[in-house]
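J.:
There are 2 protein chains.
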Amino acid sequence: MKVDGKDIRPIWLDEDEKTVKIIDQRLLPHQFAVEELKTPEDAIRAIRDMYVRGAPLIGVTAAYGVYLAVLQDQDDIYLIDAANRIKAARPTAVNLMWAVDKMMSAVVSADDPAGRIAEAKRTAAGITAFEAENCRMIGVHGLPLIKDISRKKGGGEVNVLTHCNAGWLACVEYGTATAPVYAAAEAGIDVHVWVDETRPLNQGSRLTAWELGKYGIKHTVITDNAGGHLMQHGMVDMVLVGTDRTTYTGDAANKIGTYLKALAARDNNIPFFVALPSSTFDWTIRDGVAGIPIEERDPCEVKYVSGLAGDQLQTVLIPPENSPAANFAFDVTPARLVSGFITERGVCEASEKGIKGLFPEYGS
Amino acid sequence: MKVDGKDIRPIWLDEDEKTVKIIDQRLLPHQFAVEELKTPEDAIRAIRDMYVRGAPLIGVTAAYGVYLAVLQDQDDIYLIDAANRIKAARPTAVNLMWAVDKMMSAVVSADDPAGRIAEAKRTAAGITAFEAENCRMIGVHGLPLIKDISRKKGGGEVNVLTHCNAGWLACVEYGTATAPVYAAAEAGIDVHVWVDETRPLNQGSRLTAWELGKYGIKHTVITDNAGGHLMQHGMVDMVLVGTDRTTYTGDAANKIGTYLKALAARDNNIPFFVALPSSTFDWTIRDGVAGIPIEERDPCEVKYVSGLAGDQLQTVLIPPENSPAANFAFDVTPARLVSGFITERGVCEASEKGIKGLFPEYGS
Chain A
1 MKVDGKDIRP IWLDEDEKTV KIIDQRLLPH QFAVEELKTP EDAIRAIRDM YVRGAPLIGV
61 TAAYGVYLAV LQDQDDIYLI DAANRIKAAR PTAVNLMWAV DKMMSAVVSA DDPAGRIAEA
121 KRTAAGITAF EAENCRMIGV HGLPLIKDIS RKKGGGEVNV LTHCNAGWLA CVEYGTATAP
181 VYAAAEAGID VHVWVDETRP LNQGSRLTAW ELGKYGIKHT VITDNAGGHL MQHGMVDMVL
241 VGTDRTTYTG DAANKIGTYL KALAARDNNI PFFVALPSST FDWTIRDGVA GIPIEERDPC
301 EVKYVSGLAG DQLQTVLIPP ENSPAANFAF DVTPARLVSG FITERGVCEA SEKGIKGLFP
361 EYGS
Chain B
365 MKVDGKDIRP IWLDEDEKTV KIIDQRLLPH QFAVEELKTP EDAIRAIRDM YVRGAPLIGV
425 TAAYGVYLAV LQDQDDIYLI DAANRIKAAR PTAVNLMWAV DKMMSAVVSA DDPAGRIAEA
485 KRTAAGITAF EAENCRMIGV HGLPLIKDIS RKKGGGEVNV LTHCNAGWLA CVEYGTATAP
545 VYAAAEAGID VHVWVDETRP LNQGSRLTAW ELGKYGIKHT VITDNAGGHL MQHGMVDMVL
605 VGTDRTTYTG DAANKIGTYL KALAARDNNI PFFVALPSST FDWTIRDGVA GIPIEERDPC
665 EVKYVSGLAG DQLQTVLIPP ENSPAANFAF DVTPARLVSG FITERGVCEA SEKGIKGLFP
725 EYGS
């Protein structure tokens, strides 16, 4: 996507073909820094410590992590171990497992070291292109939903509420939840986005606001607490979020707090859509609330907040130093609260029937 | 309440009887500073800029604001103007209007200047004592609700979730939502509090965590996003919040985000109680969502966060500097989502019938 007129992606393979480059998203919006990954350990650290985040981008980074492993050693035992270590970097995003498995089956299909390196490079690039194209198609299929609201409002402003960052920074291009918004803006629709700040790591106020601002899309940062009030007062036309893992029955894990917005949308008869590429579906779990593993992260992410003081990034402590904190990273929105899924193949109902209707190859 | 073994209230009249002293709650938990109010303008600033907050404490501060006005000038015209200016300091907490009206009718009942000063002093002290006693009684009436859960859990830990600070810092003693918790702790019940951090001003992580920690009550700070997940997984037994204004029909305005917790409690069959003194009821408004004025505050409160960096209080900017933000301070939880009200006279159903059953003197 364009940032200040320059085309940029959140991840790319350097010309030397030995270095993977990423934007260090921990520092945005106040610092734009590019980090180099040269080993699978670098990729694991980038995923675990959230230099990169967002289900599709975690998958692409994991794919390049496998590529970096193959560059180091083409031996089965080493590669299987590296693959498992990469998979363990974060527990919730299913794209991580999906991408590593896809990489490994491609790599082991080649017999000689050079062939394995070539396969790894080709497959990682393929996964990257697949995710970019998926996001483009999510925009194509999501656009009519926004267009429809715009028409009903006589061309008036369409207010979309989003939680966390499911933009191009979380993917490769376009984003998932933001793809229909970018498509609407391109189509000349008057669109405005309520950006949940998304505590504790503020991916909304830091990343989504930055993305939308750079693209020139109207937006307003709000606290995560505000959405219910806005919905009660007719100030939200549609909720659009991404997901880190969605069961084939339609239960959607996403950034903690998404479930609360889904409840408020339901209580106020506002459509609540989840945008995702097929790589984010989990075809093995039936009950998302019981079955999707929810990552618990360092409580310090809740207690400390980073931001800009003068021209320096500074971290400040909010609660009393000795107060304990808990940091659950995701929650699961049950299918019954989801109006529909926007995928690269179209929009479907949040049910096994709806999902497998679009993706019959996964039907049992 | 005891802080480090010393009895303290969030507001008191100095021995000179000309100075009202308050804790500057903007600086807690990292700095404990006492501020002096000498004029009604000082009281207005303390309320508007949130040195003090919480419906009962806003009422008590407003009462002392009228007292400070009477000290300056006992003339009707001056006093009516001062009263109106104090009432306009914040729009949502109805205790503000209630306390000022109570002060004014007492003051004008006296004819001479000395009598007016004496009436103002007596009435402000009376309102203070009334609110302290109300909170004590809320604890008495709320305790059985917690005791009941404890018994059902065979004496196991009772997990209460609260939003914002409705503790003694928001009142005079005991708090509203915290009064039953303190009473439960005194009764030897194993109680633990999930403390919503309460963005944007972090009254939960800054004030409630500090209060509970000083009292020695087990607590865990969580983001405002986390409550739904905790409720889905059986980690919350009861939600207990305060309110800034509750209609006689049972719609409860409270800190922004409360409505989202009420929805989650309902979706998971968890009791959701609102604790309030009768001074927080609005006997004139039928529909809370449509009728209660919701304060919109400076967007900078959303964009900037204050906390401790080293041993200094520091403010940091989170989103891009040019991203707009919106800052609605309260939302309204409809009566249908409230399990009941805990008042100084007992617990009642969230309905006109329930509320007027306890307070028949306001019945039409």
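Chains A and B are the protein sequences, given in the same order.
Under my numbering, the first residue of the first sequence is numbered 1, with each subsequent residue one higher.
Under my numbering, the first residue of the second sequence is numbered 365, with each subsequent residue one higher.
Yeah, the Cβ is synthetic: ideal placement off N, Cα and C, and Gly gets one too.
1) When we look at the beta-carbon of residue 322 (chain A) and count the other beta-carbons within 10 Å, is it buried (16 or more) or exposed?
2) Can you grab the Cα-Cα spacing for the pair residue 473 (chain B) / residue 485 (chain B), in whole Å?
3) Buried or exposed: residue 696 (chain B), going by 16 or more other Cβ atoms within 10 Å of its Cβ?
4) Can you tell me the Cα-Cα spacing of residue 415 (chain B) and residue 257 (chain A), whole angstroms?
5) Under 7 Å, Cβ to Cβ, is there at least one residue of chain A near residue 569 (chain B)?
6) Just list the residues that DSSP pairs residue 368 (chain B) with in beta bridges.
7) Might you give, ordered along the chain, the residues of its own chain that have their beta carbon closer than 6 Å to the beta carbon of residue 388 (chain B), omitting 5 neighbours on each side?
8) Measure the CB-CB distance between residue 223 (chain A) and residue 197 (chain A) and report whether it falls below 7 Å.
9) May I have a chain-ordered list of the alpha helix (DSSP H) segments no shorter than 4 residues that lie completely inside the region 69-111 of chain A?
10) In terms of residue numbering, what span does the alpha helix (DSSP H) encompassing residue 540 (chain B) cover?
11) Which stretch, first to last residue, makes up the beta strand (DSSP E) that contains residue 499 (chain B)?
12) Of all the residues that make up the region 614-634 of chain B, which are near chain A by a beta-carbon distance shorter than 7 Å?
13) I'd like the list of long-range same chain contacts for residue 505 (chain B), defined as Cβ closer than 6 Å, with 5 residues on each side in sequence excluded.
14) Strictly by DSSP, which residues pair up with residue 619 (chain B)?
15) For residue 609 (chain B), does the three-state DSSP call read helix, strand or coil?
16) Can you find the residues in the same chain that come closer than 6 Å, C-beta to C-beta, to residue 195 (chain A), ignoring five residues on each side of it along the sequence?
17) So, with DSSP's three-state summary, where would you put residue 640 (chain B)?
18) Touch check for the region 304-321 of chain A and the region 666-684 of chain B: three-plus C-beta pairs under 8 Å?
19) Here's the rule: buried if 16 or more other CB atoms are within 10 angstroms of the residue's CB, otherwise exposed. What is residue 479 (chain B)?
20) At a Cβ threshold of 7 Å, is residue 243 (chain A) touching chain B?
21) Using 10 angstroms around the beta-carbon of residue 80 (chain A), count the other beta-carbons present and answer buried if the total reaches 16, otherwise exposed.
22) Is there contact between the region 596-612 of chain B and the region 634-648 of chain B, where contact requires at least three CB pairs shorter than 8 Å?
23) State whether the region 418-426 of chain B contacts the region 527-536 of chain B, with contact taken as three or more CB pairs (one from each stretch) at a distance under 8 Å.
24) Between residue 643 (chain B) and chain A, is the shortest Cβ-Cβ distance under 7 Å, so that the two count as touching?
25) Do the region 142-149 of chain A and the region 185-192 of chain A make contact, defined as three or more Cβ pairs closer than 8 Å?
26) Within 8 Å, do at least three Cβ pairs link the region 648-655 of chain B to the region 350-364 of chain A?
27) From what residue to what residue does the beta strand (DSSP E) around residue 666 (chain B) run?
28) Out of B:425, B:633, B:390, B:723, point me to the one whose CA is closest to residue 466 (chain B)'s CA.
29) Consult DSSP for residue 788 (chain B) and reduce its assignment to one of helix, strand or coil.
30) Could you check where the alpha helix (DSSP H) with residue 353 (chain A) kicks off and where it finishes?
31) Please decide whether residue 657 (chain B) counts as near chain A, where near means a Cβ-Cβ distance under 7 Å.
32) Could one say the Cβ of residue 689 (chain B) lies closer than 7 Å to chain A's Cβ atoms, at least one of them?
33) Would residue 344 (chain A) and residue 134 (chain A) qualify as a contact pair, given that the criterion is a beta-carbon distance under 7 Å?
34) With distances taken from CA atoms, which of B:448, B:382, B:655 is nearest residue 233 (chain A)?
35) Got a sec, what are the start and stop residues for the alpha helix (DSSP H) residue 653 (chain B) sits in?
36) Chain A partners of residue 552 (chain B), CB-CB under 7 Å?
T.: According to the structure data:
1) Label assigned to residue 322 (chain A): exposed.
2) Residue 473 (chain B) and residue 485 (chain B) have their C-alpha atoms spaced approximately 13 Å apart.
3) By the Cβ-count criterion, residue 696 (chain B) is buried, with 16 or more other Cβ atoms from all chains shown falling within 10 Å of its own Cβ.
4) Each residue's CA atom was taken as its position, placing residue 415 (chain B) and residue 257 (chain A) some 30 Å apart.
5) It does; some Cβ of chain A falls within 7 Å.
6) Residue 368 (chain B) is not bridged to any residue.
7) Only 397, 399, 415 meet the Cβ criterion.
8) Yes. Within cutoff.
9) Every alpha helix (DSSP H) of 4 residues or more that sits fully in the region 69-111 of chain A is shown, in chain order, as 76-87, 94-108.
10) No alpha helix (DSSP H) holds residue 540 (chain B); DSSP gives it neither H nor E.
11) Where residue 499 (chain B) is concerned, there is no enclosing beta strand (DSSP E), although the alpha helix (DSSP H) it sits in stretches over 477-516.
12) So the list reads 620, 621, 623, 624, 627, 628, 631, given in the order they occur along the chain.
13) These residues qualify, in order along the chain: 706, 710, 711.
14) Answer is B:694.
15) Strand, per DSSP.
16) Beyond the five residues adjoining it in sequence on each side, residue 195 (chain A) comes within less than 6 Å, by CB distance, of 204, 208, 209, 219, 221 in the same chain, given in chain order.
17) When DSSP states are grouped into helix, strand and coil, residue 640 (chain B) belongs to the coil group.
18) Short answer: they touch.
19) Exposed is the call here.
20) Output row for residue 243 (chain A): interface = no.
21) Burial call: exposed.
22) Taking 8 Å as the limit for Cβ pairs, the verdict is that the region 634-648 of chain B does touch the region 596-612 of chain B.
23) With a cut-off of 8 Å on Cβ pairs, the region 418-426 of chain B is in contact with the region 527-536 of chain B, counting three or more such pairs.
24) Residue 643 (chain B) does not count as touching chain A.
25) When Cβ pairs closer than 8 Å are counted between the two stretches, the region 142-149 of chain A is seen to touch the region 185-192 of chain A, the count reaching three or more.
26) As far as the Cβ criterion goes, the region 350-364 of chain A does not touch the region 648-655 of chain B, which means the pair count is below three.
27) Looking at the DSSP string, residue 666 (chain B) is not in any beta strand (DSSP E); the run it does join, the alpha helix (DSSP H), is 664-667.
28) Relative to residue 466 (chain B), the option among B:425, B:633, B:390, B:723 whose CA is nearest is B:425.
29) Residue 788 (chain B) falls outside the range modelled here, since chain B spans only 365 to 728, and no answer is possible.
30) Following the DSSP letters along the chain, one finds residue 353 (chain A) inside the alpha helix (DSSP H) bounded by residues 352-358.
31) No, its Cβ sits nowhere closer than 7 Å to a Cβ of chain A.
32) With 7 Å as the cut-off, residue 689 (chain B) counts as an interface residue toward chain A.
33) Annotated as proximal: residue 344 (chain A) and residue 134 (chain A), with beta-carbon spacing under 7 Å.
34) Nearest of B:448, B:382, B:655 to residue 233 (chain A), Cα basis: B:655.
35) Bounds of the alpha helix (DSSP H) holding residue 653 (chain B) are 652-655.
36) Those do not exist, as residue 552 (chain B) stays about 22 Å from chain A at its closest Cβ, beyond 7 Å.
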